[in-house]
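Undergrad: Before I ask anything, here is the structure I am working with.
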Amino acid sequence: MWRRSFSSSAATAAAALKHKKWDALIIGGGHNGLTAAAYLARGGLSVAVLERRHIIGGAAVTEDIIPGFKFSRCSYLQSLLRPSIIKELDLSKHGLKLLKRSPSSFTPCLDGRYLLLGPDKDLNHSEISKFSRKDAEAYPRYESKLENYCKFMDLVLDSPPPESLQHKSSLNEQLKNKIQNSVFWASCLRQASSLGQKDMVDFMDLLLSPASKVLNNWFESDILKATLATDAVIGSTASVHTAGSGYVLLHHVMGETDGDRGIWSHVEGGMGSISKAIGNAAMEAGAQVITNVEVSQLLVDNSSTVYGVILADGTEVHSSVVLSNATPYRTFVELVPDNVLPDDFVRAIKNSDYSSATTKINVAVDKLPQFRSCKLDHPHFGPQHVGTIHIGSESMEEIHSASQDAVNGVPSRRPIMEMTIPSVLDKTISPPGKHVINLFVQYTPYKPLDGDWQDHDYRESFAQKCFTLIDEYAPGFSTSVIGYDMLTPPDLEREIGLKGGNIFHGAMGLDSLFLMRPVKRWSNYKTPLRGLYLCGSGAHPGGGVMGAPGRNAAQLVLQDNRKTT
Numbered sequence: 001m002w003r004r005s006f007s008s009s010a011a012t013a014a015a016a017l018k019h020k021k022w023d024a025l026i027i028g029g030g031h032n033g034l035t036a037a038a039y040l041a042r043g044g045l046s047v048a049v050l051e052r053r054h055i056i057g058g059a060a061v062t063e064d065i066i067p068g069f070k071f072s073r074c075s076y077l078q079s080l081l082r083p084s085i086i087k088e089l090d091l092s093k094h095g096l097k098l099l100k101r102s103p104s105s106f107t108p109c110l111d112g113r114y115l116l117l118g119p120d121k122d123l124n125h126s127e128i129s130k131f132s133r134k135d136a137e138a139y140p141r142y143e144s145k146l147e148n149y150c151k152f153m154d155l156v157l158d159s160p161p162p163e164s165l166q167h168k169s170s171l172n173e174q175l176k177n178k179i180q181n182s183v184f185w186a187s188c189l190r191q192a193s194s195l196g197q198k199d200m201v202d203f204m205d206l207l208l209s210p211a212s213k214v215l216n217n218w219f220e221s222d223i224l225k226a227t228l229a230t231d232a233v234i235g236s237t238a239s240v241h242t243a244g245s246g247y248v249l250l251h252h253v254m255g256e257t258d259g260d261r262g263i264w265s266h267v268e269g270g271m272g273s274i275s276k277a278i279g280n281a282a283m284e285a286g287a288q289v290i291t292n293v294e295v296s297q298l299l300v301d302n303s304s305t306v307y308g309v310i311l312a313d314g315t316e317v318h319s320s321v322v323l324s325n326a327t328p329y330r331t332f333v334e335l336v337p338d339n340v341l342p343d344d345f346v347r348a349i350k351n352s353d354y355s356s357a358t359t360k361i362n363v364a365v366d367k368l369p370q371f372r373s374c375k376l377d378h379p380h381f382g383p384q385h386v387g388t389i390h391i392g393s394e395s396m397e398e399i400h401s402a403s404q405d406a407v408n409g410v411p412s413r414r415p416i417m418e419m420t421i422p423s424v425l426d427k428t429i430s431p432p433g434k435h436v437i438n439l440f441v442q443y444t445p446y447k448p449l450d451g452d453w454q455d456h457d458y459r460e461s462f463a464q465k466c467f468t469l470i471d472e473y474a475p476g477f478s479t480s481v482i483g484y485d486m487l488t489p490p491d492l493e494r495e496i497g498l499k500g501g502n503i504f505h506g507a508m509g510l511d512s513l514f515l516m517r518p519v520k521r522w523s524n525y526k527t528p529l530r531g532l533y534l535c536g537s538g539a540h541p542g543g544g545v546m547g548a549p550g551r552n553a554a555q556l557v558l559q560d561n562r563k564t565t
């Protein structure tokens, strides 16, 4: 649907690619690749984005799978997109419109109770008090504490890691690198000192502990802990008891919408509208964005310098630099010719964790689900429909049990689901009276021992299991389903290009972040091959519709370009 924004056909544009040497080629038109393209083009470079699919956006995409319904097919909520990108690229001018959610979450219980949470502090206190007055008093302190930690994280997210120089360099470059790294670490120390030692120790405890330990130390009610714990395992194979899962609780308050910290929003027109807006900004600056063009290999000379790409049809396209928005595995194992990269680097890339237990089900329904625990009198939709609806997670032990099924090789018997209904706020994505429902489902192993995701009956059985579980909370949901689209881990790998189906381009464990992302000694978007940069979620600061890897990588390329001109 976004192809209309391109000025020429893919075939014509692809033919024109080979008739010039580009300053920069970008492999993949996901939101990070488009972000990099926008900044590079604004910096005066000639840029071409090469997208394998018929549509830009990667995992941040809107697609018409069922006639009349527009699905955010993979990613489905916005909050992490860096404010600097929204402002610098003037994305509102390019059509980006964010729809704030309030309340932001709804957790129904089978016993007839429910919990609503959101930006309204009085609502939160009233709702949590139904389960625990002590937790209602503690909750504002919990959010405040996490918000303070996020201020520390902002510095890290918006900056390249303070990596050592990897290639031979002049004495002047070495000195400049040491100064830049010292400035970064000094800024971190200032942030740490502003927190104070007690808060820094608490911060380290959050980073290293299981989410269950953190939440048990703060709260006593199962439903509140379970609602918050889903943030800690989203998109991963981890349990709430996995060490290091605590830091992902920061997602509860990380990011913002229109300056409001921790507010997650829908995007009018679906998540593809983010990619479209960034793509429009890139093209306005002069970048070419070409779909239906697949890169099959990188061109590397005898001095280990990348000088372009080979397309699937054999066409060679030359450039001064190449930025890859593909996963690290796809980039270094599949696109780089054999015996070019150092063996230890290739081993580290191959041994990175690309596992996934995530399935996305996009559902078209003919009516809103009616939850038996929350029969509020609203003619069209109520507060229970606006935020993220947590299905099957009334306690942390339920989440843990679901994860253990996947550890044992089978999909969760009672899947953990995050349901969102963007069409209650966005009237552009479904016919009147009908709705779009996103189901983010865990846990589903890549290769289940009890069946095969390519088997139609097996897939159908799992989808019906999810719908039947929703029926327990919202009777009649199954009968409202008009049709659905399901992306299991192998589907995400095949269609979107996500190795192992991992939505973050690689696990977001503490051993795979910051100076270790994608691997040690190569965290600053550069690679062992001169002229090749990584600009996707496999680079710092990682996954989510953030744009930071693309922006940071582009700024580094522009900096390197100034050195050589």
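Quick note, in the UniProt record's numbering, the sequence shown goes up one by one and the last residue is 565. Beta carbons: idealized from backbone N, C-alpha and C, even for Gly.
1. Strictly by DSSP, which residues pair up with S179?
2. Go ahead and label M419 buried or exposed: buried means 16 or more other beta carbons lie within 10 angstroms of its beta carbon, across all protein chains shown.
3. Please report the distance separating the alpha-carbon of residue 566 from that of D154.
4. When burial is assigned at 16 or more other CB atoms within 10 Å of the CB, is M204 buried or exposed?
5. Of all the options I361, S79, R562, G547, which has the alpha carbon lying nearest to the alpha carbon of P160?
6. Provide the residue(s) that pair with N438 in DSSP beta bridges, ordered along the chain.
7. Assign P337 to one of three DSSP states: helix, strand, or coil.
8. Which full runs of the beta strand (DSSP E) of 3+ residues lie inside the stretch 72-100, going along the chain?
9. Among I470, N524, L529, L439, which residue has its Cα nearest to the Cα of I234?
10. For L77, which residues in the same chain have their Cβ closer than 6 Å to its Cβ, ignoring the five residues on either side in sequence?
11. Keeping to the same chain, check which residues put their C-beta closer than 8 Å to that of Q370; ignore five residues upstream and five downstream.
12. Beta-carbon separation of P489 and S303 under 8 Å?
13. Please check the pair V289 and A282, which I expect to be a contact at CB under 8 Å, by giving their CB distance rounded to whole angstroms.
14. Does G483 come out as helix, strand or coil in the three-state DSSP assignment?
15. Which ranges does the beta strand (DSSP E) cover as unbroken runs of at least 3 residues, wholly within the stretch 29-60, from first to last along the chain?
16. Between the C-alpha atoms of V410 and V322, what's the straight-line distance to the nearest angstrom?
17. Could you check where the beta strand (DSSP E) with D426 kicks off and where it finishes?
18. Are there 16 or more other CB atoms within 10 angstroms of the CB of G407, so buried, or fewer, so exposed?
19. Use the C-beta contact count for S423: other C-beta atoms within 10 angstroms, 16 or more gives buried, fewer gives exposed.
20. Is it the case that the stretch 550-558 contacts the stretch 33-42, given that we only count it when at least three CB pairs across the two stretches are under 8 Å?
21. Is it right to say E137 is buried, meaning 16 or more other beta carbons lie within 10 angstroms of its own, or is it exposed?
22. Select from K499, W522, S395, R459 the residue whose C-alpha is nearest the C-alpha of D111.
23. Does the pairing of the stretch 255-275 with the stretch 64-78 give three or more beta-carbon distances under 8 Å?
24. What is the DSSP secondary structure of S320, counted as helix, strand or coil?
25. Would you call the stretch 397-404 and the stretch 516-529 touching, i.e. three or more CB-CB distances under 8 Å?
26. Report the residue from M508, E88, L250 whose alpha carbon sits nearest the alpha carbon of E147.
27. Go ahead and pull the three-state DSSP assignment for K151.
28. Using DSSP bridges, identify the partner residues of S105.
29. For E163, which option in L534, Y533, R521 has the closest C-alpha, if you only look at C-alpha atoms?
30. Under a Cβ-count criterion, where at least 16 other Cβ atoms within 10 Å of its own Cβ denotes burial, should S239 be classed as buried or exposed?
31. Measure the CB-CB distance between E493 and G501 and report whether it falls below 8 Å.
32. Give the range of the alpha helix (DSSP H) segment to which I26 is assigned.
33. May I have the straight-line CA-CA distance separating L486 from S296, to the nearest angstrom?
34. Is the CB-CB distance between L206 and G246 below 8 Å?
35. Along the alpha helix (DSSP H) that carries S373, what are the first and last residues, could you check?
36. If you follow the beta strand (DSSP E) that D158 is in, where does it begin and where does it stop?
TA: Let me spell this out:
1. To locate residue 179, count along the sequence shown from 1; it is residue 179. A quick correction: the sequence has Ile, not Ser, at residue 179. For I179, which the question treats as bridged, DSSP gives no partner whatsoever.
2. Stepping through the sequence shown from its first residue, residue 419 is reached at position 419. By the 10 Å Cβ count, M419 comes out buried.
3. Since the first and last residues shown for the chain are 1 and 565, residue 566 lies out of range.
4. Stepping through the sequence shown from its first residue, residue 204 is reached at position 204. Classification of M204: exposed, given that the 10 Å Cβ count is below 16.
5. One-based indexing of the sequence shown puts residue 160 at position 160. Nearest of I361, S79, R562, G547 to P160, Cα basis: G547.
6. Working through the sequence shown from its first residue, we reach residue 438 at position 438. N362, T420, per the DSSP bridge assignment.
7. Indexing the sequence shown from 1 puts residue 337 at position 337. P337 falls in the coil class under three-state DSSP.
8. 98-100
9. Reading the sequence shown from its first residue, position 234 is the one you call residue 234. Out of I470, N524, L529, L439, L439 has the C-alpha closest to the C-alpha of I234.
10. Reading the sequence shown from its first residue, position 77 is the one you call residue 77. Answer for L77: W264, listed in chain order.
11. To locate residue 370, count along the sequence shown from 1; it is residue 370. For Q370, where only same-chain residues beyond five positions count, the Cβ hits under 8 Å are A474, P475, G476.
12. For the purposes of this step, residue 489 is taken as residue 489 along the sequence shown, with counting starting at 1. For the purposes of this step, residue 303 is taken as residue 303 along the sequence shown, with counting starting at 1. No, the pair does not count as a contact, with Cβ atoms beyond the cut-off.
13. Counting from one through the sequence shown, the residue named residue 289 turns up at place 289. Counting from one through the sequence shown, the residue named residue 282 turns up at place 282. 6 Å between Cβ atoms; contact.
14. In the sequence shown, the residue the question calls residue 483 occupies position 483. Here G483 sits in strand by DSSP.
15. 47-50
16. Looking up residue 410 in the sequence shown gives position 410. Looking up residue 322 in the sequence shown gives position 322. C-alpha separation (whole angstroms): 40 Å.
17. Translated into positions along the sequence shown, residue 426 becomes position 426. No beta strand (DSSP E) contains D426, which DSSP labels as neither H nor E.
18. By 1-based counting over the sequence shown, the position of residue 407 is 407. It is Val, not Gly, that sits at residue 407 in the sequence shown. It counts as exposed.
19. Position 423 of the sequence shown, counted from the first residue, corresponds to residue 423. It is buried - the Cβ of S423 has at least 16 other Cβ atoms within 10 Å.
20. yes
21. Indexing the sequence shown from 1 puts residue 137 at position 137. With fewer than 16 Cβ atoms within 10 Å of its Cβ, E137 is classed as exposed.
22. Working through the sequence shown from its first residue, we reach residue 111 at position 111. The residue with the shortest Cα to Cα distance from D111 is S395.
23. yes
24. By one-based count along the sequence shown, residue 320 stands at place 320. S320 falls in the strand class under three-state DSSP.
25. no
26. For the purposes of this step, residue 147 is taken as the residue at position 147 of the sequence shown. Taking only the C-alpha atoms, the option nearest E147 is L250.
27. In the sequence shown, residue 151 corresponds to position 151, counting from 1. Three-state result, K151: helix.
28. Start at 1 with the first residue of the sequence shown, and residue 105 comes out as number 105. DSSP output for S105 lists L117, T388 as bridge partner(s).
29. Reading the sequence shown from its first residue, position 163 is the one you call residue 163. Per the Cα distances, R521.
30. For the purposes of this step, residue 239 is taken as residue 239 along the sequence shown, with counting starting at 1. With 16 or more Cβ atoms within 10 Å of its Cβ, S239 is classed as buried.
31. Here residue 493 is taken as the residue at index 493 of the sequence shown, counted from 1. Here residue 501 is taken as the residue at index 501 of the sequence shown, counted from 1. For E493 and G501, yes; Cβs fall inside 8 Å.
32. Here residue 26 is taken as the residue at index 26 of the sequence shown, counted from 1. It is not in any alpha helix (DSSP H) - I26 instead sits in the beta strand (DSSP E) that spans 22-27.
33. For the purposes of this step, residue 486 is taken as residue 486 along the sequence shown, with counting starting at 1. For the purposes of this step, residue 296 is taken as residue 296 along the sequence shown, with counting starting at 1. In the sequence on display, residue 486 carries Met and not Leu. Whole-angstrom Cα-Cα distance: 28 Å.
34. The count along the sequence shown starts at 1 and reaches residue 206 at position 206. The count along the sequence shown starts at 1 and reaches residue 246 at position 246. Yes, the Cβ-Cβ distance between L206 and G246 is below 8 Å.
35. For the purposes of this step, residue 373 is taken as the residue at position 373 of the sequence shown. Unbroken run through S373: none, as it is neither H nor E.
36. Position 158 of the sequence shown, counted from the first residue, corresponds to residue 158. Taken as a continuous stretch (DSSP letters only), D158 belongs to no beta strand (DSSP E), as it is neither H nor E.
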